[in-house]
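Undergrad: The structure that follows is given in the form of structure tokens.
Numbering (the working numbering), first residue to last: 113 to 188.
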């Protein structure tokens, strides 16, 4: 079965926008934990962009795919 990722566009957004528009059930602290894990993962490192020390941009589709990847690994 093919995943439906059409609701998650291939765009870069900030943390607040990611929570408000795409993942409203996330809290900022939870998102920060995921961002740290993504930054350490070679396979998904490209999902996070840090143009400055105070700004973090996240690829919406890449973040969704990371969550799906975590879900698949959880049950192995």
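Even for Gly, the Cβ is constructed at its ideal location relative to N, Cα and C.
Predicted model only: the values in this text are computed from it and were never measured.
Going straight from the alpha carbon of residue 162 to that of residue 187, what length do you get?
TA: As a first step, residue 162 must be located in the chain shown, where it is residue number 50. As a first step, residue 187 must be located in the chain shown, where it is residue number 75. Their Cα atoms are separated by approximately 31 Å.
Undergrad: Taking the straight line between their C-alpha atoms, what separation do you get for residue 122 and residue 183?
TA: Translated into positions along the chain shown, residue 122 becomes position 10. Translated into positions along the chain shown, residue 183 becomes position 71. Straight-line Cα distance between these residues: approximately 21 Å.
Undergrad: I need the straight-line Cα distance from residue 151 to residue 133, nearest angstrom please.
TA: The sequence position of residue 151 within the chain shown is 39, counting from 1. The sequence position of residue 133 within the chain shown is 21, counting from 1. Going by the C-alpha atoms only, they are around 22 Å apart.
Undergrad: Classify residue 162 as helix, strand or coil using the three-state DSSP reduction.
TA: Your numbering for residue 162 matches position 50 in the chain shown. Looking at residue 162 - three-state DSSP - the assignment turns out to be strand.
Undergrad: Under 6 Å Cβ to Cβ from residue 171, same chain only, skipping five residues before and after it: list those, please.
TA: Counting from 1 along the chain shown, the entry for residue 171 is found at position 59. Excluding residues within five positions, the ones whose Cβ falls inside 6 Å are 124 and 159.
Undergrad: Between which residues of its own chain and residue 169 is the CB-CB distance below 8 Å, once the five residues before and five after are set aside?
TA: On the chain shown, position 57 is the one that residue 169 refers to. 124, 125, 126, 160, 161, 162 and 163, listed in sequence order.
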